[in-house]
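Chemist: Before I ask anything, here is the structure I am working with.
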Amino acid sequence: MSRMVNCQLLKKEAPGLEEVPHPGELGIRIYENISAEGWRQWMDRLTIIMNEMQLSTADPRALEIIEQHMTGFLFGEGEEGQMPAGFQPPPAKK
């Protein structure tokens, strides 16, 4: 039976993550308050943010930006986490 959490992103009770997804206190906070589905949604958003902003995880400043977007998206804190300015989703497949 999976662990249930009251997901702050989805605003409902849902199955939680199987392990802490990020180092440090932020990772523990995510583990305790974000569901597996909420984390999947963040991973999709992260891909868009990294591509649009041309971020590299090898750059320490990029990691700070990613964490700001992570807390903005998952917890609604700060002004980050939204779609990057000018983002245009690809056209729907026919």
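Each residue of the sequence shown is one higher than the one before, counting from 165 in my numbering.
All C-beta atoms, glycine included, are put in the ideal place defined by N, C-alpha and C.
Because the structure is a prediction, the values reported are computed rather than measured.
Buried or exposed, going by whether 16 or more other CB atoms sit within 10 Å of the CB of Met-207?
Modeler: Burial call: exposed.
Chemist: Name the residue from Ile-212, Leu-227, Ser-220 and Ile-230 whose alpha carbon lies nearest to the alpha carbon of Gly-250.
Modeler: The candidate whose alpha carbon is nearest that of Gly-250 is Ile-212.
Chemist: Taking C-alpha atoms, which residue in Lys-258, His-233 and Pro-255 lies nearest to Gly-247?
Modeler: Checking the displayed sequence, the identity of residue 247 turns out to be Met instead of Gly. When each option's Cα is compared against that of Met-247, the closest is His-233.
Chemist: Quick check on DSSP: helix, strand or coil for Ala-178?
Modeler: Strand at Ala-178.
Chemist: Measuring alpha carbon to alpha carbon, tell me which residue in Leu-219, Leu-227 and Phe-237 is nearest Pro-203.
Modeler: Note that residue 203 is Trp in the sequence shown, not Pro. The candidate whose alpha carbon is nearest that of Trp-203 is Phe-237.
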